[in-house]
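As you go down the protein sequences, you meet chains A and B in turn. Under our numbering, the residue at position 115 of the first sequence is numbered 187, and the numbers go up by one with no gaps. Under our numbering, the residue at position 18 of the second sequence is numbered 54, and the numbers go up by one with no gaps. Note that beta-carbon positions come from the ideal geometry of N, C-alpha and C, so glycine has one too. Below is one structure; the comments refer to it alone.
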Amino acid sequence: MNKKTPLYKLHIQHGAKMVEFAGYQMPIQYKSGIIQEHKFTRENAGIFDVSHMGQLFINGSDHLTDDLEKIFPVNLKNLKTNQSKYSFLMNDKGGIYDDLIITKLKDGYLIILNAACKKQDLEIIKKKLNGKYDLNLDESLSLIAIQGPKAKDVLGKVVSNITNLKFMNGGEFEYDNSNIYITRSGYTGEDGFEISLDNKKAEKFVDQLINYGAKLIGLGARDTLRLEAGLCLYGNDLDEKTSPIEANLKWAIPKSRVGSDYPGSDIIKKQIDNGVKTLRVGIKPETRVIARGNTKIFDQNDKEIGKVTSGTFGPSVECSIAMGYVENNYSPTNTKIFLEVRGKKVPANVCDLPFYKKNYVKGEKNV
Amino acid sequence: MSEVKFSKEHEWITLEGEVATIGITKHATEMLGDIVFAELPEKGTNVEKDGTAGVVESTKAASDVYTPISGEVVDINQSIVDDPAKINEDPEGAAWFFKLKVKDLSELDTLMNKEEYEKFAKETSS
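Laid out in structure tokens, this is it:
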């Protein structure tokens with residue numbers, strides 16, 4: 073039996089087509105369809121129910137920071153309270169168990185985990201921390217994202233003082249006589265916020281956002297939005313056999329952590345020093361043909377050189393787009409490659425990511 | 037023009053003389069969602085009843101288009117290849133897929149009429 077999020081009833085009321093996703097019943101789209109939902113988010117403000125994702129709270133102080141640095145390849149000592157970083161949970165071979173966002177709180181850390189990975193992540197992290205700390209994968213909280221150029225205006229009408237939040241920073245705010253936690257972040261390539269609040273208040277909160285002009289957006293548009301923004305989907309573009317270096321996410325591992333101790337750190341250092349065999353790249357087919365995950369990639373001499381991991385039609389860039397892994401010497405921008413779709417070789421070019429230029433708030437560093 | 041007939045694969049077909057026009061139903065487009073890619077058979081090729089005669093892709097997935105009867109492709113609708121969104125706008129009108137010179141008129145008898153198709157579509161979509 074699939075779980076339902078606290079917004080299930082609201083999804084149905086708004087005409088959602090529900091699908092099973094990571095053990096939850098989630099909306100794939102609403103009545104207006106994926107393309108309209110996608111464009112609405114880029115131009116206005118889209119609401120995403122991401123309550124299926126894990127919200128892992130770990131309480132502790134300086135020792136916890138040291139212990140978490142032995143797990144995640146990120147610099148937590150330099151992190152200010154309420155600041156967030158993108159990072160990974162890795163295995164000893166440098167492969168990725170999950171990609172995640174870690175935020176420093178007053179009395180510990182909040183880690184946002186992918187829905188399909190959260191239970192396994194919890195077990196791995198718990199084991200590595202040797203039972204020294206309280207870990208709480210809090211299911212009493214919903215997680216709502218609001219994304220798009222009007223996200224700050226709409227959210228600002230429901231919660232006061234949010235406009236001062238900087239990108240990849242969070243804070244406590246007041247809503248309906250209770251404290252809620254908001255970070256300025258998201259996964260669409262737009263400015264936006266993620267709001268963590270009590271399950272009991274989630275429906276009322278989202279209803280208010282809708283009344284101020286935002287619209288519910290399904291997983292279908294979430295996928296086209298993140299792909300246009302060049303962002304990875306765990307399970308498609310990242311997995312246990314792929315390292316952050318191969319995934320072209322080297323930027324997420326600070327120099328100070330290259331060579332220091334965490335699972336897979338020796339392999340990460342080796343890959344940074346010596347290079348990798350395959351690399352994640354952006355791919356633009358020359359026609360409208362869509363190259364989905366697992367499409368084989370060839371060079372001009374019919375040699376197989378890699379595989380597509382995500383592909384779709386980008387509603388904002390108005391063309392077919394894909395990401396995949398190719399042998400390193402084919403990774404430079406504008407390299408001509410061929411995608412085998414339904415038995416035919418479709419010409420394509422390696423291109424820079426993102427496909428869609430990000431729209432984060434000015435003056436702040438992009439992820 | 038003849039009565040519109042329907043296949044279990046959600047294609048519609050009309051007949052004018054010995055030339056049939058084929059497209060996908062409104063019900064099919066509603067199930068597929070926003071269509072972003074269409075591929076049609078080449079003019080002059082022969083297609084067999086229930087064989088693949090094209091592809092449509094939505095933002096979510098790819099689906100084959102089948103031909104409900106056999107024949108030679110005499111015309112294709114290039115406008116839906118250039119702008120696949122037209123298929124969602126008018127699937128049972130302007131967004132026809134291809135025209136066939138019919139090989140065997142009796143194949144049409146195996147297809148459903150409008151009423152039968154509507155019942156079929158309702159039963160199979162849940």
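Nearest in C-alpha terms to I344/A, of all of G331/A, T381/A, N147/A, is G331/A. Between T113/A and G228/A, the CB-CB gap reaches or exceeds 8 Å. One thing to note: S133/A has its Cβ no nearer than 8 Å to the Cβ of G242/A. Taking the C-beta atoms as reference points, R414/A is found nearer than 8 Å to V91/B. Rounded to whole angstroms, the gap between the alpha carbons of E262/A and V348/A is 31 Å. Think of a sphere of 8 Å around the beta carbon of V91/B: the chain A residues whose beta carbon falls inside it are R414, in chain order. In the structure shown, E358/A adopts coil according to DSSP, grouped into three states.
Distances from the alpha-carbon of A89/B to those of E154/B, K122/B, N113/B put N113/B closest.
Residue environment analysis places Q192/A among the exposed positions, since fewer than 16 neighbouring C-beta atoms fall within 10 angstroms of its C-beta. According to the DSSP assignment, T407/A belongs to no alpha helix (DSSP H), since it is labelled neither H nor E. Two segments are said to touch when three or more pairs of C-beta atoms, one from each, lie closer than 8 Å; by this definition the segment 207-222 of chain A does not touch the segment 142-150 of chain A.
In the DSSP annotation of this structure, the continuous segment of the beta strand (DSSP E) that includes T88/B starts and ends at 88-94.
Chain order gives no chain A residues near V83/B, where near means a beta carbon separation below 8 Å; the closest approach is about 16 Å. Nearest CB-CB separation between G105/A and chain B: below the 8 Å threshold. W48/B sits buried, since 16 or more C-beta atoms from the chains shown fall within 10 Å of its C-beta. Where Y253/A is concerned, the enclosing beta strand (DSSP E) starts and stops at 250-255. Leaving aside the five residues that flank P78/A on each side, the residues in its chain whose CB is nearer than 7 Å to its CB run, in chain order, S123, S214, N271, A274, E275. Runs of the alpha helix (DSSP H) lying entirely within the segment 148-209 of chain A, each at least 4 residues long, are 190-200 in chain order. In this structure the segment 418-432 of chain A touches the segment 352-365 of chain A; the number of beta carbon pairs closer than 8 Å is three or more.
For Q85/A, the enclosing alpha helix (DSSP H) begins and ends at 80-85.
In its chain, beyond the 5 residues on either side, V55, A56, T57, I58, V109, V110, D111, I112 have a beta carbon closer than 8 Å to the beta carbon of K135/B. Under a 10 Å Cβ-count criterion, M73/A is classified as exposed, with fewer than 16 other Cβ atoms of the shown protein chains found around its own Cβ. Counting every other CB atom within 10 Å of its CB across the protein chains shown gives P404/A a total below 16, marking it as exposed. Per DSSP, reduced to three states, the secondary structure at V72/B is strand.
As computed with DSSP, E399/A is found in a beta bridge with T350/A. Exclusion of the five residues before and after S328/A leaves N147 as the residues of its chain whose Cβ lies within less than 7 Å of its Cβ. Proximity of R360/A to chain B, defined by a Cβ-Cβ separation below 8 Å, is satisfied. In this chain, D270/A is not harboured by any alpha helix (DSSP H); it is covered by the beta strand (DSSP E) spanning 264-270.
Taking 8 Å as the cut-off, the Cβ atoms of G87/A and K103/A count as close. Legend: CB atoms of the segment 240-272 of chain A lying less than 7 Å from CB atoms of chain B are not found in any residue. Think of a sphere of 8 Å around the beta carbon of F385/A: the chain B residues whose beta carbon falls inside it are V72, F73, E93, T95, in chain order. Pairwise C-beta distances place the segment 317-325 of chain A out of contact with the segment 358-374 of chain A, as fewer than three of them are shorter than 8 Å. Nearest to A64/B by alpha-carbon distance, out of P77/B, G107/B, E125/B, I105/B, is E125/B.
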